[in-house]
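This report refers to the structure that appears directly beneath it.
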Amino acid sequence: MASAARESASRTGAKASLRRARRTQTVVLFAVANQMFAIAAGAVQEIRSTDSLGGAAIEIDQIEVSKVRHTVQRGGRTYFVVNAGTHFGLPVTRPTLVLILRHQRIAVLIDRIERMAEISGVHPLPLAFSGDERRWYCGLAQVDDLVIPVIQPDGFLTEEEVRALDLAANGTPLESRIEEGAGSA
Amino acid sequence: MTQTAQSAVSSFVILQIGERRLALPAEIVAELAPPVRVHAFPHDTPSILGVIVRRGHIVPVYDAASALGAFASSAQRFFLIARRRFGKAREFGAIPVNGDCELTTGELQPPAADRPSCVSGMLQCGAEAIEVFDLDALMSSGSATEPPESAEARQ
Numbered sequence: 010m011a012s013a014a015r016e017s018a019s020r021t022g023a024k025a026s027l028r029r030a031r032r033t034q035t036v037v038l039f040a041v042a043n044q045m046f047a048i049a050a051g052a053v054q055e056i057r058s059t060d061s062l063g064g065a066a067i068e069i070d071q072i073e074v075s076k077v078r079h080t081v082q083r084g085g086r087t088y089f090v091v092n093a094g095t096h097f098g099l100p101v102t103r104p105t106l107v108l109i110l111r112h113q114r115i116a117v118l119i120d121r122i123e124r125m126a127e128i129s130g131v132h133p134l135p136l137a138f139s140g141d142e143r144r145w146y147c148g149l150a151q152v153d154d155l156v157i158p159v160i161q162p163d164g165f166l167t168e169e170e171v172r173a174l175d176l177a178a179n180g181t182p183l184e185s186r187i188e189e190g191a192g193s194a
Numbered sequence: 018m019t020q021t022a023q024s025a026v027s028s029f030v031i032l033q034i035g036e037r038r039l040a041l042p043a044e045i046v047a048e049l050a051p052p053v054r055v056h057a058f059p060h061d062t063p064s065i066l067g068v069i070v071r072r073g074h075i076v077p078v079y080d081a082a083s084a085l086g087a088f089a090s091s092a093q094r095f096f097l098i099a100r101r102r103f104g105k106a107r108e109f110g111a112i113p114v115n116g117d118c119e120l121t122t123g124e125l126q127p128p129a130a131d132r133p134s135c136v137s138g139m140l141q142c143g144a145e146a147i148e149v150f151d152l153d154a155l156m157s158s159g160s161a162t163e164p165p166e167s168a169e170a171r172q
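Residue numbers (the working numbering), protein chains in the order written: chain H, 10 to 194; chain G, 18 to 172.
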């Protein structure tokens with residue numbers, strides 16, 4: 010009887026912790042020009058100092074996408090380095106860190122990492138917001154007594170911008186090179 | 018009171034934004050909330066100041082003063098929480114107000130021909146004629162709406 014009760018309690022506890030795990034999300038809180046943002050920890054592959062990447066950064070000659078001035082090579086992939094301050098229209102700062110994003114060809118220049126945090130959910134962006142922020146953010150999170158936008162990792166560059174950057178960095182868009190490669194194989 | 022007269026009389030909330038006094042239909046007004054912190058973050062939508070947290074919900078704060086072409090006053094005391102329509106969806110928004118709000122009833126008169134489409138009518142309140150605004154039209158117009166006196170003076 011007691012063992013059955015213990016087993017039941019254990020099952021209930023496991024379900025509760027599973028529910029908690031489903032509800033909560035780990036985010037990295039970072040700052041750009043004193044504005045705080047959150048990004049899902051799972052969306053960040055690597056955090057490097059700008060100093061450590063200095064030699065690996067290659068300047069790209071283009072004016073179409075002003076928030077991107079460089080690319081960096083990491084693990085055989087090319088990442089477009091997006092200045093988050095320019096992207097969000099914030100005052101100019103001197104970024105010290107680069108977030109290299111997972112599953113994206115994007116690295117993001119930021120000022121500093123505040124800390125990691127557990128958030129209990131992401132509130133959808135109110136419908137009243139109708140501008141580019143609908144692409145920038147996947148919603149808003151309450152952390153302590155603050156409301157912080159949660160970054161949409163693929164919102165830093167549009168497909169058009171990526172095409173333009175590919176063209177500037179390599180002379181041809183990536184998809185054209187893939188097609189050419191497929192054709193010649 | 019006849020059936021027609023009953024349907025013509027409606028309730029309105031009169032509010033003060035900067036130096037402008039205007040009215041909104043009472044049916045869209047939910048409550049008058051105390052001042053709380055406005056959380057601002059980068060965005061690209063005109064006429065939004067940020068968001069507040071009200072009863073556990075995140076509520077956008079409208080820069081109604083700019084939309085009205087009124088000077089925002091530092092004497093803001095409350096947030097008027099009102100409902101807006103977005104297609105079939107509805108959402109609450111907060112309007113910073115800097116004076117006491119009053120609930121009144123009256124008959125909505127048609128607006129002057131030269132008033133913008135966000136002015137849905139006029140409300141006679143004693144000797145004062147107050148413009149009644151369509152909040153959806155006002156906040157989506159994105160351009161300053163001059164008070165009737167200024168419009169007349171310009172002509």
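Glycine included, C-beta positions come from ideal geometry on N, C-alpha and C.
None of these values were measured; they are calculated from a predicted model.
query, result
"Beta-bridge pairing of Pro133(H) - partner residues as DSSP gives them", "According to DSSP, Pro133(H) bridges with nothing at all."
"Backbone CA spacing between Ala129(G) and Leu39(G) [nearest angstrom]", "15 Å"
"Three CB pairs or more closer than 8 Å across the stretch 131 to 146 of chain H and the stretch 50 to 65 of chain G", "yes"
"Cβ pair Ala47(G), Ala84(G) closer than 8 Å", "no"
"Beta-carbon proximity of Pro158(H) to Leu149(H), cut-off 8 Å", "yes"
"Neighbour flag for Val36(H) against chain G, beta carbons, 8 Å", "no"
"Alpha carbon of Val78(G) to alpha carbon of Asn92(H), nearest angstrom", "28 Å"
"Check whether Cys118(G) and Ile31(G) have beta carbons under 8 Å apart", "yes"
"The stretch 113 to 133 of chain H touching the stretch 30 to 45 of chain H, judged by at least three CB pairs closer than 8 Å", "yes"
"Ser134(G) - DSSP class collapsed to helix/strand/coil", "coil"
"CB contact check: Ile45(G) to chain H, cutoff 8 Å", "no"
"Straight-line Cα distance separating Leu108(H) from Phe39(H)", "10 Å"
"Boundaries of the beta strand (DSSP E) in which Gly110(G) is found, first to last residue", "Ala106 to Val114"
"Alpha carbon of Glu151(G) to alpha carbon of Ala43(G), nearest angstrom", "A quick correction: the sequence has Asp, not Glu, at residue 151(G). About 11 Å."
"Whole-angstrom distance between Leu97(G) and Arg78(H), CA atom to CA atom", "45 Å"
"Within 9 Å of chain G by C-beta, residues of the stretch 130 to 142 of chain H in sequence order", "His132, Pro133, Leu134, Pro135, Leu136, Ala137, Phe138, Ser139, Gly140, Asp141 and Glu142"
"Positions along the stretch 37 to 70 of chain G whose CB lies within less than 7 Å of some CB in chain H", "His56, Phe58, Pro59, His60, Asp61, Thr62, Ile65, Val68 and Val70"
"Option in Val90(H), Cys147(H) and Met125(H) with minimal Cα separation from Ile69(H)", "Val90(H)"
"Identified DSSP bridge partners for Phe29(G)", "Pro42(G) and Thr121(G)"
"For Gly148(H), the residue or residues it bridges with in DSSP", "Val159(H)"
"Ser58(H) - DSSP class collapsed to helix/strand/coil", "strand"
"Straight-line gap, Tyr146(H) to Ala47(H) (C-alpha atoms, nearest Å)", "9 Å"
"CB contact below 8 Å: Asn179(H) versus chain G", "no"
"Test: Gln151(H) CB closer than 8 Å to a CB of chain G", "yes"
"Chain-ordered chain H contacts of Ala106(G) [CB-CB under 9 Å]", "Leu136"
"Pick from Ile160(H), Phe165(H) and Arg172(H) that is closest to Phe58(G), judged by C-alpha positions", "Ile160(H)"
"Alpha-carbon spacing of Lys76(H) relative to Leu120(G), whole angstroms", "50 Å"
"Local Cβ density within 10 Å of Gly143(G), reported as buried at 16 or more and exposed below that", "exposed"
"Ser158(G) to Pro133(G) span [Cα, whole Å]", "10 Å"
"CB contact below 8 Å: Ala30(H) versus chain G", "Because Ala30(H) sits at a pLDDT of 48, beneath the cut-off of 50, its placement in the model cannot be relied upon, and the following sentence gives the value as read from the coordinates. For Ala30(H), the answer is no, since every Cβ of chain G falls outside 8 Å of its Cβ."
"Where Glu124(G) falls, given that 16 or more other Cβ within 10 Å makes a residue buried", "exposed"
"Integer Cβ distance of Val74(H) from Leu176(H), believed to fall under 8 Å", "That pair is no contact at about 11 Å."
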